[in-house]
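J.: Please find one structure pasted underneath; my questions will follow.
Number of protein chains: 2
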Amino acid sequence: MADSKPTQKPSNAPEIVVLRWGHRPQRDARLTTHVALTARALCASGFILSDVEDPGTEETVRKITNRWGGTFHFEMGTPWKKAVRDWKANGGAVVHLTAYGENIQTSDVLSRIKSLNKNVLVIVGSQKVPGDFYSSNVSDFNVSIGNQPHSECAALAVFMDRFFAGEELAKNFDKAKMRIIPRARGKEIKNDGG
Amino acid sequence: MADSKPTQKPSNAPEIVVLRWGHRPQRDARLTTHVALTARALCASGFILSDVEDPGTEETVRKITNRWGGTFHFEMGTPWKKAVRDWKANGGAVVHLTAYGENIQTSDVLSRIKSLNKNVLVIVGSQKVPGDFYSSNVSDFNVSIGNQPHSECAALAVFMDRFFAGEELAKNFDKAKMRIIPRARGKEIKNDGG
Numbered sequence: 000m001a002d003s004k005p006t007q008k009p010s011n012a013p014e015i016v017v018l019r020w021g022h023r024p025q026r027d028a029r030l031t032t033h034v035a036l037t038a039r040a041l042c043a044s045g046f047i048l049s050d051v052e053d054p055g056t057e058e059t060v061r062k063i064t065n066r067w068g069g070t071f072h073f074e075m076g077t078p079w080k081k082a083v084r085d086w087k088a089n090g091g092a093v094v095h096l097t098a099y100g101e102n103i104q105t106s107d108v109l110s111r112i113k114s115l116n117k118n119v120l121v122i123v124g125s126q127k128v129p130g131d132f133y134s135s136n137v138s139d140f141n142v143s144i145g146n147q148p149h150s151e152c153a154a155l156a157v158f159m160d161r162f163f164a165g166e167e168l169a170k171n172f173d174k175a176k177m178r179i180i181p182r183a184r185g186k187e188i189k190n191d192g193g
Numbered sequence: 000m001a002d003s004k005p006t007q008k009p010s011n012a013p014e015i016v017v018l019r020w021g022h023r024p025q026r027d028a029r030l031t032t033h034v035a036l037t038a039r040a041l042c043a044s045g046f047i048l049s050d051v052e053d054p055g056t057e058e059t060v061r062k063i064t065n066r067w068g069g070t071f072h073f074e075m076g077t078p079w080k081k082a083v084r085d086w087k088a089n090g091g092a093v094v095h096l097t098a099y100g101e102n103i104q105t106s107d108v109l110s111r112i113k114s115l116n117k118n119v120l121v122i123v124g125s126q127k128v129p130g131d132f133y134s135s136n137v138s139d140f141n142v143s144i145g146n147q148p149h150s151e152c153a154a155l156a157v158f159m160d161r162f163f164a165g166e167e168l169a170k171n172f173d174k175a176k177m178r179i180i181p182r183a184r185g186k187e188i189k190n191d192g193g
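Heads up: the sequence lines are chains Z and X, in that order.
Residue 99 in numbering that gives the first Met the number 0 sits at position 100 of the first sequence; the count goes up by one each step and never skips.
Residue 121 in numbering that gives the first Met the number 0 sits at position 122 of the second sequence; the count goes up by one each step and never skips.
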């Protein structure tokens, strides 16, 4: 990831890459797909499905990217320790989203993250994560999107919307074959061929 | 729902209830559970699983509410047409979240919704929704969280975070047996008995 070109992110913002840990291909396929598509739609530059391969999820995400545009790096099978080590070696920060972390609303954690002006690897777990994720060996920040149990997909969306200050939802994706024209009523899709 | 007491929402804000349409118990159980838990954690007052019953999802949501507090109304099996009709008859507004709708970032749709100062029924689909959902028979507003395909769970989270202006993440839930104390490192749970 380190030398990939982030064309997806809002201009001037650092890059976000999402690492999904603990994916179980049978049980988590749809949720992980939702997490990956959320990452892409909200302008992450890429997605790492760590420690496991799931070609079905990869294919779904690649098809969406091919049709709806943008540059979105997808990798799978990378051991999470290697992904985190490489990310840090390249000067990036690591944010672990967890209900136990510093509350994004009631603390200044987001402004501390943004003040670093570093690219951010966002770790979202599926199963219960290793205790090490909470330590400075892994995470620079543990961030909660509220301190209630809910969904990693929801947590990721709120984190990204706040990190990018909403600009991620206004971005046009390059090389799109299909584009939605927003409407108050009905559906409008512009087909740019391909 | 109409005469339930909304103790969950941030003070002074109108109430949100989430209607999940198109749930298929086998295929959608986990995603629908994530949608319901997101609704609850981000201070919706209730959740309607329309047209179908899924006791497993209901039980999961009830257990979470029982343990982590708050008042969260869960109902299932209500025909969506009846739920929408009753909501409107009680003076509420209906928002349909869809990638085709008015973009929450690039349009003024959120301020138009908020200026009504009405309780809001938020409809999130699972499968492809009936065309009627886009019409004024059903929706007062069609709102997109970006115009890219992603996740109804992510879309709901961003909508609620913006609707409640972040206050929903700071709220303490009444009658909680367990509470998370946010921390920069590690986990802290306060057990209030029960």
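Positions of the beta carbon are idealized from the N, C-alpha and C atoms, including for glycine.
Since the model is a prediction, treat every value here as computed from it, not as a measurement.
Which value, in whole angstroms, describes the spacing of the CA atoms of Ala35 (chain Z) and Ile63 (chain Z)?
T.: Locating residue 35 (chain Z) in the first sequence gives position 36, where the first residue counts as 1. Locating residue 63 (chain Z) in the first sequence gives position 64, where the first residue counts as 1. Cα-Cα distance, rounded: 11 Å.
J.: So what's Ala98 (chain Z) in DSSP terms, helix, strand or just coil?
T.: To locate residue 98 (chain Z), count along the first sequence from 1; it is residue 99. Residue state, collapsed to three classes: strand.
J.: Is Thr77 (chain Z) close to the ligand FMN? I mean its beta-carbon at under 7 Å from any heavy atom of the ligand.
T.: Ligands displayed in this structure: none; no statement on the ligand FMN is therefore possible.
J.: I'd like to know if the segment 89-105 of chain Z and the segment 113-125 of chain Z are in contact, where contact means that at least 3 CB-CB pairs between them fall below 8 Å.
T.: The segment 89-105 of chain Z makes contact with the segment 113-125 of chain Z: 3 or more CB pairs, one atom from each, lie closer than 8 Å.
J.: Quick check on the burial criterion: 16 or more other C-beta atoms within 10 angstroms. Buried or exposed for Pro54 (chain X)?
T.: To locate residue 54 (chain X), count along the second sequence from 1; it is residue 55. That one is exposed.
J.: For a contact defined as C-beta to C-beta under 7 Å, what are the partners of Val157 (chain X) on chain Z?
T.: Reading the second sequence from its first residue, position 158 is the one you call residue 157 (chain X). By Cβ distance, chain Z contributes Ala156, Val157 and Asp160.
J.: Mind checking Asn102 (chain X): buried by the 16 CB within 10 Å criterion, or exposed?
T.: In the second sequence, counting from the first residue as 1, residue 102 (chain X) sits at position 103. Buried: at least 16 other Cβ atoms inside 10 Å.
J.: Name the chain Z residues whose beta carbon is nearer than 8 Å to that of Arg182 (chain X)?
T.: Position 183 of the second sequence, counted from the start, is the residue given in the question as residue 182 (chain X). Neighbours of Arg182 (chain X) on chain Z, chain order: Tyr99, Gly100, Glu101 and Asn141.
J.: List, in order along the chain, the chain X residues whose C-beta lies closer than 7 Å to that of Leu36 (chain Z)?
T.: If you number the first sequence from 1, residue 36 (chain Z) lands on position 37. By Cβ distance, chain X contributes Pro148, His149 and Ser150.
J.: Taking all protein chains shown into account, decide if Lys8 (chain Z) is buried (16 or more other Cβ within 10 angstroms of its Cβ) or exposed.
T.: Within the first sequence, residue 8 (chain Z) is the residue found at index 9, counting from 1. Result: buried.
J.: Report the neighbours of Lys87 (chain Z) on chain X: residues whose CB is nearer than 9 Å to its CB, in chain order.
T.: On the first sequence, position 88 is the one that residue 87 (chain Z) refers to. Under the 9 Å cutoff, chain X gives no residues; its nearest Cβ is about 17 Å from Lys87 (chain Z).
J.: Does Trp20 (chain Z) get closer than 8 Å to chain X when you measure Cβ to Cβ?
T.: Walking along the first sequence from the start, residue 20 (chain Z) turns up at place 21. For Trp20 (chain Z), the answer is no, since every Cβ of chain X falls outside 8 Å of its Cβ.
J.: Since Glu58 (chain Z) is in the beta strand (DSSP E), which residue starts that stretch and which ends it?
T.: Numbered from 1 along the first sequence, position 59 holds the residue referred to as residue 58 (chain Z). It is not in any beta strand (DSSP E) - Glu58 (chain Z) instead sits in the alpha helix (DSSP H) that spans Pro54 to Trp67.
J.: If you measure from the beta carbon of Gln126 (chain Z) to each beta carbon in chain X, is any gap under 8 Å?
T.: For the purposes of this step, residue 126 (chain Z) is identified with residue 127 of the first sequence, where counting begins at 1. Not a single CB atom of chain X sits nearer than 8 Å to the CB of Gln126 (chain Z).
J.: Run through the DSSP bridge pairs and tell me what Lys189 (chain X) is partnered with.
T.: Translated into positions along the second sequence, residue 189 (chain X) becomes position 190. DSSP output for Lys189 (chain X) lists X:Arg178 as bridge partner(s).
J.: Using DSSP with H/G/I as helix, E/B as strand and the rest coil, what is Ser114 (chain X)?
T.: Here residue 114 (chain X) refers to the residue found at position 115 when the second sequence is read from its first residue. Three-state result, Ser114 (chain X): helix.
J.: Is the beta carbon of Ala156 (chain X) closer than 8 Å to that of Gly68 (chain X)?
T.: Translated into positions along the second sequence, residue 68 (chain X) becomes position 69. Translated into positions along the second sequence, residue 156 (chain X) becomes position 157. No, Cβ-Cβ distance for Gly68 (chain X) and Ala156 (chain X) is not below 8 Å.
J.: To be precise: take each residue of the segment 29-56 of chain Z, compare its Cβ to all Cβ atoms of chain X, and keep it if any distance is under 8 Å. Which residues remain?
T.: For the segment 29-56 of chain Z, the beta-carbon criterion of a distance under 8 Å to any beta-carbon of chain X is satisfied by Arg29, Leu30, His33, Val34, Leu36, Thr37, Arg39, Ala40 and Leu41.
J.: Name the one or two DSSP bridge partners that Gly45 (chain X) has.
T.: To locate residue 45 (chain X), count along the second sequence from 1; it is residue 46. Looking at the DSSP assignment, Gly45 (chain X) forms a beta bridge with X:Val16 and X:His72.
J.: Identify, in the order they occur along the chain, each residue of the same chain with its Cβ nearer than 6 Å to the Cβ of Val60 (chain Z), setting aside the five sequence neighbours on each side.
T.: Along the first sequence, one-based indexing puts residue 60 (chain Z) at 61. For Val60 (chain Z), where only same-chain residues beyond five positions count, the Cβ hits under 6 Å are Ala35 and Phe73.
J.: Expressed to the nearest angstrom, what Euclidean distance is found between the alpha-carbon atoms of Arg161 (chain X) and Cys42 (chain X)?
T.: Translated into positions along the second sequence, residue 161 (chain X) becomes position 162. Translated into positions along the second sequence, residue 42 (chain X) becomes position 43. Their Cα atoms are separated by approximately 12 Å.
J.: Who are the neighbours of Thr105 (chain X) on chain Z, taking C-beta pairs under 8 Å?
T.: If you number the second sequence from 1, residue 105 (chain X) lands on position 106. Within chain Z, the residues near Thr105 (chain X) are Leu168, Ala169 and Pro181.
J.: State the start and end residues of the unbroken beta strand (DSSP E) segment that holds Leu168 (chain X).
T.: Your numbering for residue 168 (chain X) matches position 169 in the second sequence. Counting along the chain, Leu168 (chain X) falls outside any beta strand (DSSP E), and DSSP gives it neither H nor E.
J.: Helix, strand or coil for Val51 (chain X)? Go by DSSP, reduced to three states.
T.: For the purposes of this step, residue 51 (chain X) is identified with residue 52 of the second sequence, where counting begins at 1. DSSP places Val51 (chain X) in coil when its eight states are reduced to three.
J.: With Met158 (chain Z) as the anchor, note down where its beta strand (DSSP E) starts and where it stops.
T.: Position 159 of the first sequence, counted from the start, is the residue given in the question as residue 158 (chain Z). Per the sequence presented here, residue 158 (chain Z) reads as Phe, with Met not at that position. Unbroken run through Phe158 (chain Z) is the alpha helix (DSSP H), Glu151 to Phe162; no beta strand (DSSP E).
J.: In angstroms, rounded to a whole number, what distance separates the CA positions of Gly100 (chain Z) and Val83 (chain Z)?
T.: What you label residue 100 (chain Z) is simply residue 101 of the first sequence in a count that begins at 1. What you label residue 83 (chain Z) is simply residue 84 of the first sequence in a count that begins at 1. So the two alpha carbons sit approximately 19 Å from each other.
J.: Which same chain residues end up closer than 7 Å to Gly21 (chain Z) when comparing Cβ atoms and leaving out the 5 residues on each side of it in sequence?
T.: In the first sequence, counting from the first residue as 1, residue 21 (chain Z) sits at position 22. If we look at Gly21 (chain Z) and ignore the five residues flanking it on each side, its Cβ neighbours are Gly124, Ser125, Gln126 and Val128.
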